[in-house]
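Numbering (full-length UniProt numbering), first residue to last: 1 to 275. What follows is a single structure, written as structure tokens, with notes after it.
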Amino acid sequence: MLRSRLVQAACSAQRAFSTSQKALAAKQMTVRDALNSALDDELARDDRVFLIGEEVAQYDGAYKVSRGLWKKYGDKRIIDTPITEMGFAGIATGAAMAGLRPVCEFMTFNFAMQAIDHAKILGCVRPPIGDRQLPLSRIIESPRSTWIAEINDILNRDRVGGGEVISPPKDKSKPDRMQAERLIVIRRRKMKKHKLKKLRRKMKFEWAKVRQRREMRKEKAFQAKLMSQIKQAEAFSAEQHVAEILRQANETPLPRFWKGRRLPAFIIKQKLGIK
Numbered sequence: 001m002l003r004s005r006l007v008q009a010a011c012s013a014q015r016a017f018s019t020s021q022k023a024l025a026a027k028q029m030t031v032r033d034a035l036n037s038a039l040d041d042e043l044a045r046d047d048r049v050f051l052i053g054e055e056v057a058q059y060d061g062a063y064k065v066s067r068g069l070w071k072k073y074g075d076k077r078i079i080d081t082p083i084t085e086m087g088f089a090g091i092a093t094g095a096a097m098a099g100l101r102p103v104c105e106f107m108t109f110n111f112a113m114q115a116i117d118h119a120k121i122l123g124c125v126r127p128p129i130g131d132r133q134l135p136l137s138r139i140i141e142s143p144r145s146t147w148i149a150e151i152n153d154i155l156n157r158d159r160v161g162g163g164e165v166i167s168p169p170k171d172k173s174k175p176d177r178m179q180a181e182r183l184i185v186i187r188r189r190k191m192k193k194h195k196l197k198k199l200r201r202k203m204k205f206e207w208a209k210v211r212q213r214r215e216m217r218k219e220k221a222f223q224a225k226l227m228s229q230i231k232q233a234e235a236f237s238a239e240q241h242v243a244e245i246l247r248q249a250n251e252t253p254l255p256r257f258w259k260g261r262r263l264p265a266f267i268i269k270q271k272l273g274i275k
């Protein structure tokens, strides 16, 4: 179905270059819309089909291929995943092995190679023998049979003479308790070191903030001082400055002593009759 949609989109794109009435009457569809329509048809036709990938649900997909599907089919059929291509590729592989029909969407095609690793780990594909290729029916086998065989081997290994081997109960002796207490003490020390390390990291940022505030205060004080100097320079008058200097030069200095005694300036002014 998906291939037929893609072929239809390609044919419609080719017909778009024609100016005949039949070509103008044909429905034009982009590849993105063809994929969306094919996914919609398959989700409606088969309940085992589901879509999984990054931002395919509420965001309607990174390339808007799954637009409108989440609102129509819900969270159980259109599943958002975190940015873990290895993880949801394995989920899709396992779901396909279990009989479901997943559609796994990746941001770029090279992430699809993750599924090869999962197939190799699960043992679904056998390598060819020599130069002769095995038929497809013999290459792909059901992993369920291999799992059952492994489980049976483990069960048979644990049985001796037809009877089950019962492991002896654990001896709750004093060395075990001492070992447990020692492990608890080590764990507490590690937690304490971790908390101290976390506190130091936090205080590092706090002290950085304090230093930043101090620098800001210094910068504001410097700017205020500079602005006051600028205002004084703007209010400076050369004529008043020269007149003040001449007045100080012509002014007779006020004596500090009166009849051999040192007196305040206002008393000396009163004695001299200066206002």
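The beta-carbon is built from N, C-alpha and C at its ideal position, and this holds for glycine as well.
Proximity below 9 Å, CB of residue i to CB of residue j
i           : j           : result
residue 114 : residue 85  : yes
residue 92  : residue 82  : no
residue 100 : residue 65  : no
residue 293 : residue 61  : The question about residue 293 has no answer, for the chain in this structure spans 1 to 275.
residue 112 : residue 149 : no
residue 50  : residue 95  : yes
residue 254 : residue 265 : yes
Collapsed DSSP secondary structure at residue i in the structure displayed
i           : result
residue 64  : coil
residue 80  : strand
residue 273 : coil
residue 94  : helix
residue 53  : strand
residue 261 : strand
residue 239 : helix
residue 101 : strand
residue 106 : coil
residue 87  : helix
residue 254 : coil
residue 114 : helix
residue 29  : coil
residue 75  : coil
Buried or exposed (CB count within 10 angstroms, at least 16 for buried), residue i
i           : result
residue 70  : buried
residue 68  : exposed
residue 53  : buried
residue 185 : exposed
residue 276 : Because the chain spans 1 through 275 in this model, residue 276 falls outside it and cannot be assessed.
residue 199 : exposed
residue 56  : buried
residue 156 : exposed
residue 36  : buried
residue 137 : Below a pLDDT of 50, predicted positions are generally treated as unreliable, and residue 137, at 42, falls in that range; the measurement from the model is reported next regardless. It is exposed - the Cβ of residue 137 has fewer than 16 other Cβ atoms within 10 Å.
residue 34  : buried
residue 211 : exposed
Candidates the options, of which the one nearest residue i by Cα
i           : options             : result
residue 97  : 48, 232, 220 and 60 : 48
residue 107 : 72, 192, 63 and 116 : 63
residue 87  : 215, 228 and 117    : 117
The region 72 to 86 / the region 36 to 50 touching (three or more Cβ pairs under 8 Å)
Contact between the region 72 to 86 and the region 36 to 50 is present, because at least three Cβ pairs lie under 8 Å.
- Query: Taking three-plus beta-carbon pairs below 8 Å as touching, is the region 257 to 271 in contact with the region 236 to 247?
  - Reply: As far as the Cβ criterion goes, the region 257 to 271 does not touch the region 236 to 247, which means the pair count is below three.
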